[in-house]
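Asks:
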Amino acid sequence: MPKENEEIICSKLKKGDDNAPLQNFTLIIFGGAGDLSSRMLIPTLFHLFNDDLLPEKFSVIGAGRRDLNDEGFQKHCVTSIETYYKDFYESEVLNKFLQRIFFFQIDSKDTSQYSLLSNKIKEKTTPDENGKKNIIYYLSVPPSATSSIVSNLGPQLLDDDSYNTKIIIEKPFGRDTKSAEELTTILHDSFSENQIYRIDHYLGKETVQNVIFFRFANSILEPLWNRNYIDNVQITVAEDIGIEHRGNFYEQSGIIRDIIQNHMMQLIALIAMEAPVGFDADYIRDEKVKIYNSMREMNRSMLLQNIVLGQYDKGIVDKKKIQPYREEKDVSPQSTVPTFFGGKFFIDNWRWSGVPFYVRAGKRLKKRITEICIEFKHPPLRLFGDTCSRYDPNLLFITIQPENKIAFNIGIKYPNKINEIQPVQMKFNYEDFFGPTHHPPYERLLMDCIKGDLSLYAREDGIKSMWHIVDPIIKYYEENRPIDFPNYKAGSWGPDAAEDLLKNDGRKWHTT
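Residue numbers (the numbering used here): 144 to 655.
1. Take Gly317 as the anchor and find which of Thr327, Met441, Asn391 has the nearest alpha-carbon.
2. Indicate the three-state DSSP secondary structure (helix, strand or coil) for Asp535 in the structure shown.
3. Does the separation of the CB atoms of Ile379 and Ile549 fall below 9 Å?
4. Going by DSSP, what residue range makes up the alpha helix (DSSP H) through Met445?
5. Taking 7 Å as the limit between beta carbons, can you name the residues of its chain near Lys472, skipping five residues before and five after?
6. For Met569, count neighbouring C-beta atoms within 10 Å of its own C-beta (all shown protein chains included) and say buried if the count is 16 or more, exposed if not.
7. Helix, strand or coil for Met590, going by three-state DSSP, please let me know.
8. Determine the closest residue to Tyr435 out of Asp604, Lys520, Phe168, His653, with distance taken between C-alpha atoms.
9. When you compare only the Cα positions, how much space is there between Lys155 and Leu170?
10. When the Cα atoms are used, what is the spatial distance from Thr289 to Asn623?
11. How would you label Pro366, buried or exposed, when you count the other beta carbons within 10 angstroms and need 16 or more for buried?
12. With DSSP as the reference, identify every bridge partner of Asn572, one or two as the case may be.
13. Is Pro164 helix, strand or coil when you go by DSSP?
14. Let me make sure I understand the geometry here. Which of Arg358, Ser283, Asp596, Glu514 has the alpha-carbon closest to that of Gly207?
15. Going by the CB atoms, is the gap between Met441 and Ile450 shorter than 9 Å?
16. Give the single residue among Arg511, Ile564, Pro536, Leu191 whose Cα lies nearest to the Cα of Asn547.
17. May I ask you to verify whether the region 419-430 touches the region 469-487, counting CB pairs closer than 8 Å and requiring at least 3?
18. Output the residue ranges of the beta strand (DSSP E) runs that lie fully inside the region 252-323 and measure 3 residues or longer, sorted by chain position.
19. Mark Asn572 as exposed unless 16 or more other C-beta atoms lie within 10 angstroms of its C-beta, in which case mark it buried.
20. Between the Cα of Phe359 and the Cα atoms of Thr226, Tyr306, Ala415, Asp401, which residue gives the shortest distance?
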């Protein structure tokens with residue numbers, strides 16, 4: 144590729160200067176002593192601090208019900224870092240980090256306490272070089288607490304012009320289209336859309352981000368990336384773990400709300416979207432929304448043919464006996480909540496018309512893997528006729544976890560054989576090439592929020608469009624509860640019907 148063309152592509156795919164200095168900020172984490180904050184947010188912030196990536200004057204205020212003062216929360220953060228932070232650090236660095244950590248005990252429903260929180264924020268916030276006080280609210284709380292927190296924030300700091308305010312919201316973004324719209328209304332009462340950061344940690348994974356670069360920075364792919372050459376697309380989001388200690392949550396959400404409505408739809412959009420005109424946030428999100436709006440809505444007949452739901456039974460995973468989902472803590476013994484989803488979707492646009500997108504996601508499956516497989520069509524004629532054995536199709540794998548890799552399966556002649564084709568794999572592994580990386584997804588996402596980059600965050604219309612896709616599936620399932628649950632063994636690849644979904648089309652699932 145000519146050098147000038149490479150420069151044009153890179154300029155379109157890159158936004159801003161990653162080395163530009165960050166402005167001072169204060170991060171207020173509602174649910175600051177909770178599970179997500181302890182496992183991900185605090186270790187991520189310390190990772191950034193240890194790598195000298197944060198501005199000189201920042202502060203973090205944990206807010207929550209826990210009976211903690213600043214010192215107590217700092218000790219909590221030390222435990223969190225010692226448990227979840229895997230890299231080397233010096234005690235002196237940790238002590239400097241803790242000097243920026245504070246706590247405010249609050250009942251989020253008590254309006255009177257927000258003025259006191261406001262005073263603490265003012266006390267701990269250092270203006271940036273332009274005199275602005277950059278405030279980020281992070282709602283690491285159950286969805287039921289979101290409305291009261293947002294409503295109570297309004298009368299305090301949000302109307303003050305000296306504050307530059309943002310808010311990060313964790314999924315789920317509602318339970319359906321209606322509740323998502325209600326949540327958006329609540330948010331828009333206090334925040335404009337460009338202040339709202341709807342976070343999906345999958346988009347912070349390096350391999351997920353690389354999908355756009357891999358597609359659009361390599362001209363060899365573009366002529367093939369369409370219905371003329373691609374037979375089908377497969378996306379697997381498999382976990383070998385169960386629901387852990389989230390029985391109450393999972394009984395309310397199930398696999399569709401937990402994975403399909405957000406993670407899976409984002410992956411589909413990244414594979415299927417057209418090239419954005421630039422790397423600005425809205426350009427990318429515009430192309431994603433076009434994909435969601437092009438996805439074929441399913442009627443009752445299509446739901447019966449194209450959707451498979453499942454729930455795990457007892458089985459063996461990693462040589463350990465696993466109990467059924469219905470025997471997990473806080474799960475109903477008669478639960479019909481799905482822990483597996485298999486589906487076939489179609490995107491009715493010029494590029495993808497007629498190409499099936501097969502997806503599956505589940506708990507207690509055979510192994511942990513998140514992977515995209517692009518299966519290319521066979522040549523129109525068998526070049527060597529009947530003298531050549533039937534050979535495997537070309538497969539392109541983009542693996543997100545547990546490895547970060549890209550692999551391409553091609554066919555070559557087997558040595559010393561007559562017209563026998565052998566499949567071989569060309570593979571690129573991130574760690575082999577770039578060395579070990581331990582940057583969690585939240586690191587990139589938090590940095591983008593601090594910088595004001597919304598590219599990897601979901602927009603209001605995107606959330607609404609994703610719900611439109613899954614709402615008919617959820618509605619049909621809730622009106623027609625499965626009677627065959629549990630229907631797959633822990634440690635398997637899910638229900639037999641998920642295999643039949645492809646088998647009936649003359650295809651099969653692929654994983655590396």
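Don't be surprised by glycine CBs; every beta carbon is placed ideally from N, CA and C.
Remember, it's a predicted structure, so these values are computed and weren't measured experimentally.
Replies: Concretely, from the data shown:
1. Thr327
2. coil
3. Per the sequence shown, residue 379 should be read as Thr rather than Ile. Going by C-beta atoms, Thr379 is not nearer than 9 Å to Ile549.
4. 443-449
5. His388, Gly390
6. exposed
7. helix
8. Asp604
9. Any reading at Lys155 must be qualified, since the residue scores a pLDDT of 44, below 50, and its modelled position is unreliable; no value is offered.
10. 31 Å
11. exposed
12. Lys548
13. coil
14. Ser283
15. yes
16. Arg511
17. no
18. 276-282, 306-313
19. exposed
20. Ala415
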